[in-house]
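**Student:** Structure in structure tokens, see below.
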Amino acid sequence: MADYLVIVESPAKAKTIERYLGNKYQVKASMGHVIDLPKSQMGVNVEDNYDPKYITIRGKGPILKELKTAAKKAKKVFLAADPDREGEAIAWHLAHSLNMDESSACRVVFNEITKDAIKESFKHPRTIDMDLVDAQQARRVLDRLVGYNISPLLWKKVKKGLSAGRVQSVAVKLIMDREEEINNFQPEEYWSIEGAFQKGKDAFEGAFYGLNGKKKKLSSKEDVEDVMSRMVGTEFSVDKVNKRERRRNPASPFTTSSLQQEAARKLNFKAKKTMMLAQQLYEGIELGKREGTVGLITYMRTDSTRISQTAKQEASSYISDKYGQDYLAKASEQKSGNSQNAQDAHEAIRPTSTLRDPKTIKANLSRDQFRLYKLIWERFVASQMAPAVMDTMTAHLLNKEVEFRATGSKVKFKGFMKVYVEGNDDNKKDEDKYLPELEEGMTVKAANIDPNQHFTQPPPRYTEARLVKTLEEMGIGRPSTYAPTLDTIQRRGYVSLDNKRFVPTELGEIVIQILREYFPEIINVDFTVEMEGNLDAVEEGQKQWVQVIDDFYKDFEKRLDKAEEEMEEVEIKDEPAGVTCEECGHELVYKMGRYGKFLACSNFPDCRNTKPLLKEIGVKCPKCKKGNVVERKSKKKRTFYGCDRYPECDFLSWDKPISRPCPKCDSLLVEKKAKKGTQVQCSNCDYKEEAQK
Numbered sequence: 003m004a005d006y007l008v009i010v011e012s013p014a015k016a017k018t019i020e021r022y023l024g025n026k027y028q029v030k031a032s033m034g035h036v037i038d039l040p041k042s043q044m045g046v047n048v049e050d051n052y053d054p055k056y057i058t059i060r061g062k063g064p065i066l067k068e069l070k071t072a073a074k075k076a077k078k079v080f081l082a083a084d085p086d087r088e089g090e091a092i093a094w095h096l097a098h099s100l101n102m103d104e105s106s107a108c109r110v111v112f113n114e115i116t117k118d119a120i121k122e123s124f125k126h127p128r129t130i131d132m133d134l135v136d137a138q139q140a141r142r143v144l145d146r147l148v149g150y151n152i153s154p155l156l157w158k159k160v161k162k163g164l165s166a167g168r169v170q171s172v173a174v175k176l177i178m179d180r181e182e183e184i185n186n187f188q189p190e191e192y193w194s195i196e197g198a199f200q201k202g203k204d205a206f207e208g209a210f211y212g213l214n215g216k217k218k219k220l221s222s223k224e225d226v227e228d229v230m231s232r233m234v235g236t237e238f239s240v241d242k243v244n245k246r247e248r249r250r251n252p253a254s255p256f257t258t259s260s261l262q263q264e265a266a267r268k269l270n271f272k273a274k275k276t277m278m279l280a281q282q283l284y285e286g287i288e289l290g291k292r293e294g295t296v297g298l299i300t301y302m303r304t305d306s307t308r309i310s311q312t313a314k315q316e317a318s319s320y321i322s323d324k325y326g327q328d329y330l331a332k333a334s335e336q337k338s339g340n341s342q343n344a345q346d347a348h349e350a351i352r353p354t355s356t357l358r359d360p361k362t363i364k365a366n367l368s369r370d371q372f373r374l375y376k377l378i379w380e381r382f383v384a385s386q387m388a389p390a391v392m393d394t395m396t397a398h399l400l401n402k403e404v405e406f407r408a409t410g411s412k413v414k415f416k417g418f419m420k421v422y423v424e425g426n427d428d429n430k431k432d433e434d435k436y437l438p439e440l441e442e443g444m445t446v447k448a449a450n451i452d453p454n455q456h457f458t459q460p461p462p463r464y465t466e467a468r469l470v471k472t473l474e475e476m477g478i479g480r481p482s483t484y485a486p487t488l489d490t491i492q493r494r495g496y497v498s499l500d501n502k503r504f505v506p507t508e509l510g511e512i513v514i515q516i517l518r519e520y521f522p523e524i525i526n527v528d529f530t531v532e533m534e535g536n537l538d539a540v541e542e543g544q545k546q547w548v549q550v551i552d553d554f555y556k557d558f559e560k561r562l563d564k565a566e567e568e569m570e571e572v573e574i575k576d577e578p579a580g581v582t583c584e585e586c587g588h589e590l591v592y593k594m595g596r597y598g599k600f601l602a603c604s605n606f607p608d609c610r611n612t613k614p615l616l617k618e619i620g621v622k623c624p625k626c627k628k629g630n631v632v633e634r635k636s637k638k639k640r641t642f643y644g645c646d647r648y649p650e651c652d653f654l655s656w657d658k659p660i661s662r663p664c665p666k667c668d669s670l671l672v673e674k675k676a677k678k679g680t681q682v683q684c685s686n687c688d689y690k691e692e693a694q695k
């Protein structure tokens, strides 16, 4: 019989830990929280200091009974839930449910599930940290007060099934604001002049810089013609050559946010999938008889880039042996780079051992587990390597008073780039830009001088990576909230994904408009950031959680009363679709569903015929000027675009129209697929814009 009982959240984690502790320890899983606020009611007593009413979660009764039986037989119970607010709350709930002494040293925490980390943590158990518990409880109560008060109001005034939350409402508002920016965007014309130059057999490129040593902006065709008229012949003299050495430092090891962003860029993973795979890698993977089940990465919910001294030393030895001493970063180059909001409670996300090269354990991992582990391993190893060294050169080329500049760079020493290079949202690759050896006084020839017209582009819609980055930079939410937030706003139909970019739905716009009018603080970025700061202050023991909630609820309650009295019902009428039901002959109408509008028979419930609504793309029909352009599918499932008034209007386009008119001839602009991504061009004239990834 085991002397000690250890309780963790998941069976995978239990299996990994049990093999490190030996026969005297029995490890069981609680399967997450065992108690929580009830789903059927708010579960918060506002009149009694916001006292939460906890109940056993449905289906967790047998698990709790099994844990109680095991606890009675054990000499001591250790609670080893994850090392964060949520884990601390799970430990506290378990201590209450099992009638344990809260003041006893029963709490065990570790940042990685390895033999040494587990053994060390059990030598130093501590009491449950009530500041962490209070911070989690404050967030839970706060979200209940917001969600369970506003949601019934939305049900009553708008539509059943709607809900509102703090962080998710701000996220939807950011997506809406970006869409508004795009719709209101006015493109501005600008020009560039590109030059193809020749030095003997060597060809290189340069671009117009300015006149008489001063930078000049080219805003119109007239500006370009003026510059072109000033040049004589095709010879340019090399007026000045600047050469320098540039050092490029590696990116810091992953935090939760940067992992989600990079996994989206490089692996095309959604935030939810990234966190699920990271959880599996953290809790343990079976590596065969020699090693058994091993946790491959450190804890994956963190906003710190700190690295333990032991991990640094192991990485240094590996890099030195594998690549040589030159590739090893100096101590002064190994900066932590923690953000201002970083709590630094954990290390960065890193492999538990640098010696576990991804290639050596590939056979033990699923394809996606391997890809994510490889990403984490390479990022960490690269972060401990020497900077890359680049040779750069800028040449100033003169033809009379007209100046072109040519820039080039090449990698002199790869450094960390030998292992890993950070991705970017535009998918631009780091490439050497060739420039021949040029010296002052030399003459080069312009093989071609090519003026190009451009127009400024609207800001891009948010991808998951961009939205996570924006939320983090603004201080909205915390590492553990990003993935569930993005998942929630999609499941509730407030936003949809178009070409992997977020677009607000009509439902989302209605909800945000109501919140903007009656609960502006809920979608106010500054308020949300301030509340996160207050929750952090509770965690650090600087504020009392009840006071933080009370300060918020006093004003919030007044707004609730006002909204209850003044908010008019938003009637989403069944708009006639102008089409008859093929099953019963009654008219079809537009109805609002969870994911936006759809077609349904007006003879419901006698007739339950429904149809998906053709996807509108926000463009008026350029032919009849009355209908809207919708996305359709041909018999061969090829996408095309036509007027929703067909057959009255026969407009058709295989290329996707966009809402902006051509700035040159005012005709329809369309998106065409190009080698470098998507290119916007006119359907009537020769106007083109630069291809966008």
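695 is the number that my numbering gives the last residue of the sequence shown; the numbers go up by one with no jumps.
Where is the CB? At the ideal position from N, CA and C, for every residue including glycine.
Quick caveat, the model's predicted, so the values are computed rather than measured.
Relative to the C-alpha of GLU191, which residue among SER165, GLU207 and ASP225 is closest?
**Tutor:** Distance check between GLU191 and each of SER165, GLU207 and ASP225 places ASP225 closest, using alpha-carbon atoms only.
**Student:** Assuming ARG494 and SER165 are in contact, meaning their beta carbons sit under 8 Å apart, how far apart are those beta carbons, in whole angstroms?
**Tutor:** 6 Å
**Student:** Quick test of your reading: SER99 and PHE112, contact by CB under 8 Å. State the CB separation rounded to the nearest angstrom.
**Tutor:** Not really, about 23 Å apart at Cβ, beyond 8 Å.
**Student:** Can you tell me which residues form a DSSP beta bridge with THR356?
**Tutor:** Beta-bridge pairing links THR356 to no other residue.
**Student:** With DSSP as the reference, label VAL160 as helix, strand or coil.
**Tutor:** VAL160 falls in the coil class under three-state DSSP.
**Student:** For the alpha helix (DSSP H) holding MET178, just list the boundary residues, first then last.
**Tutor:** 168 to 186
**Student:** Do you know offhand how far ILE619's Cα is from VAL505's?
**Tutor:** 11 Å
**Student:** Here's the rule I'm using: 16 or more other beta-carbon atoms within 10 Å means buried, otherwise exposed. How should THR116 be labelled?
**Tutor:** buried
**Student:** Could you tell me which residues DSSP puts in a beta bridge with MET395?
**Tutor:** LYS245 and GLY410
**Student:** Whole angstroms are fine: how far does the CA of GLN492 sit from the CA of VAL632?
**Tutor:** 22 Å
**Student:** Is GLY425 near ARG267, with beta carbons less than 7 Å apart?
**Tutor:** Contact annotation: GLY425 and ARG267 have beta-carbon atoms nearer than 7 Å.
**Student:** Which value, in whole angstroms, describes the spacing of the CA atoms of GLU571 and ALA91?
**Tutor:** Distance between the alpha carbons of GLU571 and ALA91 is about 40 Å.
**Student:** So SER206 packs on ALA408, CB below 8 Å; how close in whole Å?
**Tutor:** Note that residue 206 is Phe in the sequence shown here, rather than Ser. Confirmed, about 6 Å.
**Student:** Have a look at LEU279 and ASP241 and give me their C-alpha separation to the nearest angstrom.
**Tutor:** 56 Å
**Student:** Tell me whether ASN366 sits in a helix, a strand or coil according to DSSP, three-state version.
**Tutor:** helix
**Student:** What are the residues that DSSP puts in a beta bridge with LYS203?
**Tutor:** Its beta-bridge partners do not exist; DSSP assigns none.
**Student:** Report yes or no: do the stretch 312 to 328 and the stretch 364 to 378 share at least 3 C-beta pairs separated by less than 8 Å?
**Tutor:** no
**Student:** On the three-state DSSP scale, how would you describe VAL404?
**Tutor:** strand
**Student:** For TYR329, which of helix, strand or coil comes out of DSSP?
**Tutor:** helix
**Student:** State buried or exposed for LYS2, treating a residue as buried only when at least 16 other CB atoms are found within 10 Å of its CB.
**Tutor:** With the chain represented from 3 up to 695, any question about residue 2 goes unanswered, as that position is not in the structure.
**Student:** Roughly how many angstroms lie between the CA atoms of VAL682 and ASP657, to the nearest whole one?
**Tutor:** 10 Å
**Student:** Quick check for students: name the residue ranges of the alpha helix (DSSP H) that lie wholly in the stretch 203 to 281, counting only runs of 4 or more.
**Tutor:** Here the runs fully enclosed are 223 to 232 and 258 to 269.
**Student:** Comparing C-alpha positions only, which one of ALA82, THR394, HIS95 and ARG180 sits nearest to PRO13?
**Tutor:** ALA82
**Student:** DSSP three-state label for LYS675, please.
**Tutor:** strand
**Student:** What does the Cβ neighbour count give for THR71, buried or exposed, with the cut at 16 atoms within 10 Å?
**Tutor:** exposed
**Student:** What does the alpha-carbon distance come out to for the pair TYR496 and ILE19?
**Tutor:** 41 Å
**Student:** By Cβ distance below 8 Å, which residues in the same chain neighbour LYS686 in space, the five residues on each side in sequence not counted?
**Tutor:** Here residue 686 turns out to be Asn, not Lys, going by the sequence shown. The residues are CYS664, CYS667, SER669 and LEU670.
**Student:** Among SER604, ILE478, SER661 and THR612, which one has its Cα closest to the Cα of LYS627?
**Tutor:** SER661
**Student:** What does DSSP give as the partner residues of GLY197 in its beta bridges?
**Tutor:** GLY208 and ILE451
**Student:** What number of angstroms, rounded off, separates the C-alpha of LEU283 from the C-alpha of TYR301?
**Tutor:** 9 Å
**Student:** Put SER655 into one of helix, strand or coil per three-state DSSP.
**Tutor:** In the structure shown, SER655 falls within a strand segment according to DSSP collapsed to helix, strand and coil.
**Student:** If I measure Cβ to Cβ from CYS609 and keep anything under 7 Å in the same chain, skipping five residues before and after, which residues do I get?
**Tutor:** The answer, listed in chain order, is CYS583, GLU585, CYS586, HIS588 and CYS603.
**Student:** Pull the bridge partners of TYR301 from the DSSP assignment, please.
**Tutor:** Answer is none; TYR301 lacks a bridge partner.
**Student:** Where do the ends of the alpha helix (DSSP H) carrying THR18 lie?
**Tutor:** 13 to 23
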